[in-house]
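Chains as they are written, first to last, in my numbering: chain U, 952 to 1354; chain A, 952 to 1354.
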């Protein structure tokens, strides 16, 4: 097999851990696989460099930041390659540039545009283990760029796509994807497999494990993604396309997002285009609107409810205030004490009654549902935050996820 | 003026010192100059990375070492550029690659083959301060290389040559070139100017300040080199071509090299090509032979005396042993307790009696001269090591260098 293995900052946090990664990589190689390794900076290193920059400026130039921050991954990649060579393996360390990772010109949050895998492929053909500095690429001007948060995961997934790897393993300190947060429901079970779409919906569950950007790219490039821990040999969770999951369970997991706020607009003036006006202005203010409900009251006025991340609440208020002042909206109210509980599963597509069970579970637990939103593979409910854990445990139980 | 300023590891040793460098650079810019800055890694950083590599391997691959070690200079260059921008200056940080520094493929001790100054020139034309990561370049395969010891000085000199800079200032913790080592002769004076050739001869004096590689390149590219301290505004020493020094003093300085050993070969067989044989074998063993004296004894056999750096003594013995075993040499002896005292000055070219004064100074101090070697601008004498300081002070006095 051709495998891409990505090790994050904590997995390469010190020299002993880098040695540990080297022996794990060597095991894959010994087992007959071709291996490309993608590494992050040693944990703490990037923060140290950011701290250095902030000593000089609150808003350092992004091009300079990229040159600065990309140094960390180069150090780890060089060291891991040296460790592998000392163990008798043939290996080569590559910068993002050498690995052929071409990005756009958006410094500190560049997007990968293209990968030219020629250097990696010829090294693999020579039997070498390729060790790539993650998180970085090079733009059309020849300048080094970095990929922003979760960038090394992205490097790994993009490389796996470009070289047609059979597997892309993302090693972290978490052993995989669970049916729900085990801190809330101790009966939560680790999933063997999950589809890309489910993983995307479970983002709030898996946020600590995988960024949506990486899952989206894996889906697009059809990369079999495995998330597992570097601290034991425990099997992880395979994230793959739906067709690869033989018997999809009705429901895969329960996700909880406490980072939501609800905005209620009462007495919205009844003129064409008013809703589009409001949401366009919110979009311009870069507010990330999630669920939206609109209904007409008996008196003919319209009420609009929507949710936003708590962090976007201030910006949302500014936008709404403008409409209130113009008299387009009679009254507005804000509620941060809510949460969103979601039931996710591709099985829903072919089974009825999944949503109904979610609603009845809420009713059985005397939890009032404020808002509902559904997709093909998801039912999301906004409820009072104090019921969050109760709802998650109730749903986990109702769909028998511990079985 | 167009000035290249190079700051070594101690000058950029911590964030405060980087800030100090930024204000020094800004002063040159404010004074109306165009400035290109070349920086080393923060002091201790390169040693830390070397230590990391040595944790894994006693003999790490050179390509990996270059990718590893080149990270340090990138960090400093980025930070200095950020600091300058925060002060309101327009600046840009460049890697060796971006600065157009092309080297050969000898990893960890690459030679600069060519500089394409286009990126630097267009940034300068835009009024920007250019901050270049020293010590690094890129080879024909697109891999990063490093230039070995003194590499950042070389980067600076080569860049100064490529952009036709008026001046290349090398900032260190030493204030310039002295007539002799002030620790031996407190009356030693700092020189205002010195020629390239004198500087090269004074290498043993200036070793802590400038590597011969940099001076040779400055001479070749006709770069006006200034060595000065970054810790005060004291003027440094200009190293330039002889024609630029109006009234060259007879003697510029006295150099002392204690790192020499003398090898005496007695009864060398009298056959054609024997000497060439011996010195070819020494060259193959990478022994750096300095002074050589050959003379015929009354009995018709030949004696050969030569000096080598103490570090090459073991290798020299192995070579000599081979000839002794074959019967080509009757006896060999070794003496590490010697030193080489040199009188250096371009004025010697046009003045007679300089060497005679050196010999009589030795005689006045009852110092026996073991070997003598002269060049157009230098008289070197090998004497017993115990007389080293006495000889230096005597010569410094005899040529009135404290005046």
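Each residue gets a CB set at the ideal place from its N, CA and C atoms; glycine is no exception.
A quick note: this is a predicted structure, and the numbers were derived from the prediction, not measured.
What residue range is occupied by the uninterrupted alpha helix (DSSP H) comprising residue i?
{"i": "residue 1277(A)", "result": "1264-1277"}
{"i": "residue 1338(A)", "result": "That residue, residue 1338(A), is in no alpha helix (DSSP H); it is neither H nor E in DSSP."}
{"i": "residue 1108(U)", "result": "1102-1113"}
{"i": "residue 1230(A)", "result": "1225-1235"}
{"i": "residue 1007(A)", "result": "996-1007"}
For residue i, tell me which candidate among the options has the shortest Cα-Cα distance.
{"i": "residue 1299(A)", "options": "1290(A), 1292(A), 1309(A)", "result": "1309(A)"}
{"i": "residue 1206(U)", "options": "1343(U), 1041(U), 1007(U)", "result": "1343(U)"}
{"i": "residue 1104(A)", "options": "1163(A), 1302(A), 1289(A)", "result": "1163(A)"}
{"i": "residue 1256(A)", "options": "1266(A), 1240(A), 1131(A)", "result": "1240(A)"}
{"i": "residue 1088(U)", "options": "1069(U), 1339(U), 1058(U), 1075(U)", "result": "1058(U)"}
{"i": "residue 1151(A)", "options": "1203(A), 1336(A), 1022(A)", "result": "1203(A)"}
{"i": "residue 1177(A)", "options": "1251(A), 1136(A), 1007(A), 1123(A)", "result": "1123(A)"}
{"i": "residue 1113(U)", "options": "1192(U), 1169(U), 1242(U)", "result": "1169(U)"}
{"i": "residue 1229(A)", "options": "1270(A), 974(A), 1218(A)", "result": "1270(A)"}
{"i": "residue 998(U)", "options": "1166(U), 1100(U), 1198(U)", "result": "1100(U)"}
{"i": "residue 1348(A)", "options": "1138(A), 1301(A), 1161(A)", "result": "1138(A)"}
{"i": "residue 1153(A)", "options": "965(A), 974(A), 1294(A)", "result": "1294(A)"}
{"i": "residue 1193(U)", "options": "1147(U), 1227(U), 1160(U)", "result": "1147(U)"}
{"i": "residue 1353(U)", "options": "1085(U), 1288(U), 1129(U)", "result": "1129(U)"}
{"i": "residue 1263(A)", "options": "1119(A), 959(A), 1238(A)", "result": "1238(A)"}
{"i": "residue 1317(U)", "options": "1341(U), 1325(U), 1190(U)", "result": "1341(U)"}
{"i": "residue 993(U)", "options": "1245(U), 960(U), 974(U), 1337(U)", "result": "960(U)"}
{"i": "residue 1013(A)", "options": "1096(U), 968(U), 1032(U)", "result": "1032(U)"}
{"i": "residue 1279(A)", "options": "1223(A), 969(A), 1200(A)", "result": "1223(A)"}
{"i": "residue 1171(A)", "options": "1201(A), 1304(A), 1110(A), 1209(A)", "result": "1110(A)"}
Using beta-carbon positions only, say whether residue i and residue j come within less than 9 angstroms of one another.
{"i": "residue 1144(A)", "j": "residue 1195(A)", "result": "yes"}
{"i": "residue 1094(A)", "j": "residue 1017(A)", "result": "yes"}
{"i": "residue 1292(A)", "j": "residue 1236(A)", "result": "no"}
{"i": "residue 1281(U)", "j": "residue 1252(U)", "result": "yes"}
{"i": "residue 1290(U)", "j": "residue 1243(U)", "result": "no"}
{"i": "residue 1149(U)", "j": "residue 1296(U)", "result": "yes"}
{"i": "residue 1063(A)", "j": "residue 1106(A)", "result": "yes"}
{"i": "residue 1090(A)", "j": "residue 1132(A)", "result": "no"}
{"i": "residue 1051(A)", "j": "residue 1127(A)", "result": "no"}
{"i": "residue 1350(A)", "j": "residue 1142(A)", "result": "no"}
Counting along the chain, where does the beta strand (DSSP E) carrying residue i start and finish?
{"i": "residue 1300(A)", "result": "Note, residue 1300(A): premise wrong, no beta strand (DSSP E); not H, not E."}
{"i": "residue 1143(A)", "result": "Where residue 1143(A) is concerned, there is no enclosing beta strand (DSSP E), given that its DSSP letter is neither H nor E."}
{"i": "residue 1248(U)", "result": "Careful: residue 1248(U) lies outside any beta strand (DSSP E) and carries neither H nor E."}
{"i": "residue 1176(A)", "result": "1176-1180"}
{"i": "residue 1282(A)", "result": "1280-1295"}
{"i": "residue 1135(U)", "result": "Taken as a continuous stretch (DSSP letters only), residue 1135(U) belongs to no beta strand (DSSP E), as it is neither H nor E."}
Give a yes or no on whether 9 angstroms exceeds the smallest Cβ distance from residue i to chain A.
{"i": "residue 1048(U)", "result": "yes"}
{"i": "residue 1068(U)", "result": "no"}
{"i": "residue 1037(U)", "result": "yes"}
{"i": "residue 1093(U)", "result": "yes"}
{"i": "residue 1338(U)", "result": "no"}
{"i": "residue 1014(U)", "result": "yes"}
{"i": "residue 1238(U)", "result": "no"}
{"i": "residue 1018(U)", "result": "yes"}
{"i": "residue 1053(U)", "result": "no"}
{"i": "residue 1174(U)", "result": "no"}
{"i": "residue 1000(U)", "result": "yes"}
At least one CB of chain U closer than 9 angstroms to the CB of residue i: is that the case?
{"i": "residue 1021(A)", "result": "yes"}
{"i": "residue 1360(A)", "result": "Here chain A has residues from 952 to 1354 only, and residue 1360(A) is not among them."}
{"i": "residue 1164(A)", "result": "no"}
{"i": "residue 966(A)", "result": "yes"}
{"i": "residue 1030(A)", "result": "yes"}
{"i": "residue 1033(A)", "result": "yes"}
{"i": "residue 1057(A)", "result": "no"}
{"i": "residue 1363(A)", "result": "No information on residue 1363(A) is available, as it lies outside the stretch 952 to 1354 that chain A covers here."}
Hey, residue i and residue j are a contact pair by Cβ (cut 8 angstroms); roughly how many whole angstroms apart?
{"i": "residue 1000(A)", "j": "residue 1004(U)", "result": "Between residue 1004(U) and residue 1000(A) the Cβ distance is about 20 angstroms, and since that is not below 8 angstroms, they are no contact."}
{"i": "residue 1116(A)", "j": "residue 1174(A)", "result": "7 angstroms"}
{"i": "residue 1081(U)", "j": "residue 1043(U)", "result": "6 angstroms"}
{"i": "residue 1414(U)", "j": "residue 1083(U)", "result": "The first residue shown for chain U is 952 and the last is 1354, placing residue 1414(U) beyond what the model contains."}
{"i": "residue 1007(U)", "j": "residue 1034(A)", "result": "4 angstroms"}
{"i": "residue 1027(U)", "j": "residue 986(U)", "result": "Contact doesn't hold; Cβ gap of about 16 angstroms is too wide."}
{"i": "residue 1121(U)", "j": "residue 957(U)", "result": "5 angstroms"}
{"i": "residue 984(U)", "j": "residue 1019(U)", "result": "Actually they do not touch by this definition, with Cβ atoms about 35 angstroms apart."}
Within the present structure, is the beta-carbon of residue i separated from the nearest heavy atom of the ligand COA by less than 8 angstroms?
{"i": "residue 968(A)", "result": "Annotation note on the ligand COA: not contained in the displayed structure, which lists no ligands."}
Check the Cβ-Cβ distances between residue i and every residue of chain C, and say whether any is below 9 angstroms.
{"i": "residue 1324(U)", "result": "Reference to chain C is not applicable here, since the protein chains of this structure are U and A."}
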